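Below: one structure, written as structure tokens.
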Amino acid sequence: LYGGSNHWRVKAISASEQIDDSTTVYLCNASSDVVTLTLTTPSNNSNRLIVVKKIDNSSNKVTIDAGSSTIDGSQIYDLTTQYQSIILICDGTKWWIIADK
């Protein structure tokens, strides 16, 4: 996470989508409508880290949907305020919150 030569793909989105195989950081702009980011199957994402941040100041939320899995035991996690963020990691069976702000 810190140091080394990690290069993370950062993607700005303003519409709902499913995570892709190459993006690590999602900067979500929900100013026009709610943005839902759907996580893919945990078995395909073992040891994967995802960062999601809400970058707009609208009242629309950014929803992270665990799909067929859970995030710390819940199906969804909402980002509701500007600059709120979450770091998730997958153990191959579930998604876990490592940090949130």
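Take the sequence shown: its position 21, counted from the start at 1, is 132 in this note's numbering, and no numbers get skipped.
Virtual Cβ for every residue (Gly too), placed ideally from N, Cα, C.
Just so it is clear, the structure is predicted and the values come from calculations on it, not from any experiment.
What is the DSSP secondary structure of Asn168, reduced to helix, strand or coil?
In the three-state scheme derived from DSSP, where H, G and I count as helix and E and B as strand, Asn168 is classed as coil.
Going straight from the alpha carbon of Ser180 to that of Val145, what length do you get?
21 Å
Leaving out the 5 sequence neighbours to the left and right, which residues in its chain are closer than 7 Å to Trp119 when beta-carbon positions are compared?
Taken in chain order, the residues that qualify are Thr135 and Val136.
Should Thr204 be flagged as near chain B, meaning a C-beta pair shorter than 8 Å?
The structure shown contains no chain B; it holds only a single protein chain.
Cα-Cα separation between Gln129 and Asn168, rounded to whole angstroms:
23 Å
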